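**Student:** Structure below; questions to follow.
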Amino acid sequence: MARDDTAVLVESPGRTTSLPTLAFQGLPSTLCKGCGHNSITSALIDACKSVGLDPYYTIKISGIGCSSKTPAYFLQYSHGFNALHGRMPSVATGALVANRTLTCIGVSGDGDTANIGLGQFKHACRRNVPVVYLIENNGCYGLTKGQFSATSDLHAHLRREAGEENVIPPFDLCLEAIAAGATYVARSFAGDRKQLLPLLKGALRHGGTAVLDIISPCVTFNDFSSSTKSWDWAKAHEEPIQEIGFVRQLPEIEVEQEAGTTTRVRLHDGSWITLRALSHSEHEVTNRAGAMRFLVESQERGEFLTGLMYVNPDRPDFVGLQEMCETPLSQLSDGDLRPQPDVLREIMAGI
Amino acid sequence: MPTVLYSVRPRSAGADNVSSHPPVNDLAIRVGTVNGSGSQSANLVLLRAINGMGIPCSGKNVFPSNIEGLPTWFHIRASGRGYVAHRLDTPVLVCMNEQTAADDVRQLRPGSLCFFRSDFKEDLAKLRDDITFFPVPFAPLAEEAFPPVPTDKGYRDKLRKVVNMVYVGVVATACGIEMEEVRTAIRREFPGRKAKAAEINILAAEAGAAWAAANLPMDLPFKVERLDVTTGQVLIEGNKAAALGVLFGGASVLTWYPITPSSSLAEYAEGYLKAHRTLPDGKRTFSVIQAEDELAAVGMAVGAGWAGARSITATSGPGISLMTEFVGLAYFAEIPVVIVDVQRMGPSTGLPTRTNQGDVVKLHYLGHGDCRQIVLIPGSVAECFAFTIEALDLAQDLQTPIFVATDLDLGMNLWLSEPFAYPEKPLSRGKVLDAKALDELGQFERYRDVDGDGVCYRTLPGTEHPLAAYFTRGTGHNEKSGYSERPEDWKRNLDRLALKLNGARAKLPAPVAEHDVGAKIGLIAYGSTHPAMTEARDLLRECGILSGYCRLRALPVSEEVSAFVGKYERVYVVEQNRDGQVCSLLRSSLEGTLDDRLISVTHYNGTPIAAENITNPILNWERTFSEHTTLTNGTGLPGESARGGDSSE
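Quick mapping for you: the protein sequence lines, in order, are chains A and E.
So the first sequence is numbered by my numbering: it starts at 1 and just counts up by one.
So the second sequence is numbered by my numbering: it starts at 352 and just counts up by one.
So this is what it looks like as structure tokens:
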């Protein structure tokens, strides 16, 4: 029997379903032609299909900005919420406690996360809210025509080579995420599909706050040769720290990697992510202090590091810490939600 | 410093000495202490003892924004006539804080009683000769009841608190409060493991009582006598009542950020939820999240409401400001969420521990563009309970933010109430389509007005159906929730939201109207002003002025209000904010020329409103009006110079 290429097998607790490919697709993008965000969307669709993510139990939440428009372009069988500028994390947190069976893909940008939303970003990391937190980082405000953001490079120029110079150094969002407590922190580049895909797959199966800082060139406002967020610069300077392969916990793939050169990390759902350090063999991906030192030192050297910086699959996530019943709060019956009359009588008698 | 709390009571016109007719069961006690000195327990004991005698009573904490050291006052009122509003002329003063004692004494009316610490440097008795002063050796009496314990390093601190219980005994004896009720109240205040502390405090109260019996004249005025008319009633704060509303309203997600005076609402609610909404296996049917700020608190509540939870958050004015952007989004995206605003005075720090009704109209218009929010306004602790439940249901029914506007006076002070009634209606779930319904319908458009009532159907994340998903957005959208900047889509949406709001009016708590036969003036008020209104109407009757009274309980206002205003020559709108916010709102929304009949009466110094704050300006207006009528034989309104204001300012 010929394989149906349009069907995707998805797994959710207690069920396996086959869904058409179009369930993972969305509306045509209205972003600029060549925008890095479109590459990310495309990789994300493939990652979702590849891990068998169930769109019915997935929510897409975003802030405001070019990046935050993208949830309309993928997973059309999933509920989406284009919320407020910088406030995606709080909406995601509320939705996830309301229904603990949901997987959340949060889409944000550099202005949305590093400027207006830095507080909510860091508090989400601190709580370890189980959200795949994608930062589509182009180092500028695209939707309002190219102003600097808090990830704009020091000495970057506004909009063009001769534009006004940025005199304030940027945030390194991976560093901020690790400092705040995120448990899966990676950086990649929109144009490096080979690296991005496994990082996305790992993030989708992680189960805590998974921050992906994805450098995504703004072809309209920040794609000139001196910009570190340009296609050319990134391609030339990118220094991947590992070669990453995502491995589902399936018997036939559970083969031993070459000893001594690989790091295997077991993810929340039991799957493994395998890392092979290339140019930085000293980097231990589960060492939080080491990861931060690594980032600070490479930042000082002006390196453009990509790859998985830090992962900790053991820290309990925020939804788990709520000690909620198995049934999602959104589906509880009257009997579960409203105590009986005798409870009110007793409370009143006690007052 | 407190504002001047003296004002002429119309009731005693011609007799400005409060003790000229010693009243029974018309008692008001003001206790001035130092914040953090443990006086709260003593004050609650006095209040509960009076309550134990079955006399209608209330307790108000007028406290500073401070943890320890600044002056604080507690007001207790007992009234056989059932008046529980704030009273300006408290005839019994207890001075435990020398810092404010002289000022407190100056505010007393002639004939009042003043008990003060005999170890004050200043002899208060020299301040006035029309007050009866009793210096009381509080410290020696306390030490006698609770002798030094050499091994107890915390003895001095405990003694400082025990001193307060001595004034309980003194005041109880002076005013006829039964000591057995005092003992019961002390044991209640120090239950379980604190039983030893209870006995020490009982000894202290008894020491005060014994001193009073030996040293005070027996015929002091201002007595209470057992009445037993409040049997079965409870003394409860509005915040605790609203917290019970959270529990019985079936809220499943509560988010909050600490801010006085709303914090205790969330804290009580969390306690109740843990106690009564935990399953036998220890798992919870709720989530409580203390957010990093009010932006996040409301964001979480909106996210939870969107995903199908019954979500609620509580805050006060400054928190409302931070929530504004989300409220606007939730209004346009039509997401159920409940926001309780326990109003306080002013911006930023303002007067965070003082009461006000300054947010009401802001709440009504909160958001950006054409927003009109639904605001429920409880006027009693029972309504704090019932309206919180109602708000949780209305949010589901109408898919919109629902506000509950209380205030510090209602929320944090103790009010007497019949035990709350268990809700009769099952929980409302609103228009939600599941996979089965989608199969049957074969189509779904999130913002299509299928029923013609402006309320559309929604689906929740986690619905296994290809038609279920939609994209929620603040941007312009068509019926399918698709992005749209088409003028006709935007306008159609706004018109539908207006239709929804209009339809909501009938579902909101209706105004409560009362009418004196022959009344020519009407009164309108809302919220915590209600107890003072009841008393004010009686006082006006004693001055020969009959009135009708309409208590608003929700915004947008019901159409019944126009009919009410239509019955009277003049209608006074009484509220606790400077600019008469609701009066302005009514002026712009009443039918025809009815707005000409409205006169604004306001109180806004941070203290709870008292009957005199209402009657004084109204009497001024009425006096001017009758003079004017006599002179011109016309029906013109009084001139601006006679405009009523807050006489206690």
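We put the beta carbon where it would ideally sit given N, CA and C, even for glycine.
Fair warning: this is a prediction, and the values are worked out from it, not measured in the lab.
(1) So, Y1001/E versus E886/E, is the Cβ gap smaller than 8 Å?
(2) Please name the residue in S409/E, A737/E and S416/E whose C-alpha comes closest to that of F425/E.
(3) Would you say I59/A and I214/A are within 8 Å of each other, going by their C-beta atoms?
(4) Residues of chain E with CB under 9 Å from G119/A, in chain order?
(5) Taking the continuous beta strand (DSSP E) assigned at I640/E, which residues delimit it?
(6) Starting from the Cα of G63/A, find the closest Cα among T101/A, P28/A and I105/A and give me that residue.
(7) Throw me the rounded Cβ distance for the Y518/E and V456/E pair, which I believe falls under 8 Å.
(8) Who pairs with Q147/A in a beta bridge, going by DSSP?
(9) DSSP three-state call for K33/A: helix, strand or coil?
(10) Can you check which of these residues, E11/A, P313/A and K69/A, is closest to T826/E by C-alpha distance?
(11) Tell me which same chain residues have a C-beta within less than 7 Å of the C-beta of L848/E, skipping the five on either side of it?
(12) Whose C-beta lies closer than 6 Å to the C-beta of D721/E among residues of the same chain, with five residues either side of it excluded?
(13) Rounding to the nearest angstrom, what Cα-Cα distance links T664/E and A658/E in this structure?
(14) Which runs of the alpha helix (DSSP H), 4 residues or longer, sit entirely within the stretch 302-332 of chain A?
(15) Nearest to I380/E by CA position, among V924/E, A593/E, L397/E and V514/E, is which residue?
(16) Kindly indicate if chain E contains any beta-carbon less than 8 Å away from that of P339/A.
(17) Find the residues of chain A that neighbour S779/E, judging by a C-beta separation of less than 7 Å, and give them in chain order.
(18) Rounding to the nearest angstrom, what Cα-Cα distance links R468/E and I418/E in this structure?
(19) Quick check: what's the CA-CA separation for G679/E versus S672/E?
(20) At least one CB of chain A closer than 8 Å to the CB of G659/E: is that the case?
(21) Can you give me the C-alpha to C-alpha distance between A1087/E and T606/E, rounded to a whole angstrom?
(22) Just mark A932/E as buried or exposed, buried being the case when its beta carbon has 16 or more other beta carbons within 10 Å.
(23) Roughly how many angstroms lie between the CA atoms of M530/E and A565/E, to the nearest whole one?
(24) Whose CA, out of E815/E, I482/E, W972/E and F822/E, lies closest to the CA of Y56/A?
(25) Counting only the same chain and skipping the five closest in sequence on each side, list residues whose C-beta sits under 6 Å from that of S18/A.
(26) Just grab the DSSP bridge partners of Q694/E for me.
(27) How is V952/E classed by DSSP in three states: helix, strand or coil?
(28) Would the beta-carbon of F221/A fall within 8 Å of that of G146/A?
(29) Just verifying my parser: in three-state terms, what is the DSSP assignment at K831/E?
(30) According to the neighbour-count rule (16 or more other Cβ atoms, all chains shown, within 10 Å of its Cβ), is T828/E buried or exposed?
(31) Can you check which of these residues, S230/A, A182/A and V219/A, is closest to A203/A by C-alpha distance?
(32) Return the chain-ordered list of same chain residues with a C-beta closer than 6 Å to the C-beta of C125/A, the five sequence neighbours on each side being excluded.
(33) I want to verify the contact list: residues of chain E whose CB lies under 9 Å from the CB of V8/A, in sequence order.
(34) From D336/E to D867/E, what distance separates their C-alpha atoms?
(35) If we define contact as Cβ-Cβ less than 8 Å, is H123/A a contact residue for chain E?
(36) Under a three-way DSSP split, which group does T706/E fall into?
**Tutor:** Taking the geometry as given:
(1) Missing from the structure shown is residue 1001/E; chain E here goes from 352 to 1000 and no further.
(2) Closest option to F425/E, Cα to Cα, is S409/E.
(3) No. Outside cutoff.
(4) Within 9 Å Cβ-Cβ: E643, D644, L646 and A647.
(5) I640/E -> beta strand (DSSP E) spans S638 to Q641.
(6) The alpha carbon of G63/A has as its nearest neighbour, out of T101/A, P28/A and I105/A, the alpha carbon of I105/A.
(7) No, Y518/E and V456/E are not in contact; Cβ-Cβ is about 16 Å, not under 8 Å.
(8) In the DSSP output, where bridge partners are listed per residue, Q147/A has Y141/A.
(9) Coil at K33/A, not helix or strand.
(10) Comparing Cα-Cα distances from T826/E to each of E11/A, P313/A and K69/A, the minimum goes to K69/A.
(11) Cβ within range, chain order: G805.
(12) Correct list, in chain order: L845.
(13) Straight through space, the alpha carbons of A658/E and T664/E are spaced by roughly 16 Å.
(14) Fully enclosed alpha helix (DSSP H) runs of 4 or longer: 318-321.
(15) Measuring from the Cα of I380/E, the nearest candidate turns out to be L397/E.
(16) Chain E, which has a Cβ nearer than 8 Å to the Cβ of P339/A, makes this yes.
(17) In chain A, no part has a C-beta under 7 Å from the C-beta of S779/E; the shortest such distance is about 10 Å.
(18) Cα-Cα distance, rounded: 23 Å.
(19) Whole-angstrom Cα-Cα distance: 11 Å.
(20) Chain A, which has a Cβ nearer than 8 Å to the Cβ of G659/E, makes this yes.
(21) This structure cannot speak to residue 1087/E, because chain E is shown only from 352 to 1000.
(22) Going by the sequence as given, residue 932/E is Gln instead of Ala. Result: buried.
(23) Those two C-alpha atoms are separated by around 15 Å.
(24) When only C-alpha atoms are compared, the closest one is E815/E.
(25) Here the set comprises A7 and L9.
(26) In DSSP, Q694/E forms a bridge with D758/E.
(27) Correct three-state label for V952/E: strand.
(28) Yes; because the gap between Cβ atoms is below 8 Å, this pair is in contact.
(29) Residue state, collapsed to three classes: coil.
(30) This sequence places His at residue 828/E; Thr is not what is there. When all chains shown are included, H828/E counts as buried.
(31) Per the Cα distances, A182/A.
(32) Once the five neighbours on either side are set aside, the close Cβ partners of C125/A are A177, A180, G181, A182 and T209.
(33) Under the 9 Å cutoff, chain E gives no residues; its nearest Cβ is about 13 Å from V8/A.
(34) Nothing in the structure corresponds to residue 336/E, since chain E is present only between 352 and 1000.
(35) Answer yes: the Cβ-Cβ gap between H123/A and chain E drops below 8 Å somewhere.
(36) Of the three classes helix, strand and coil, the one that applies to T706/E here is coil, per DSSP.
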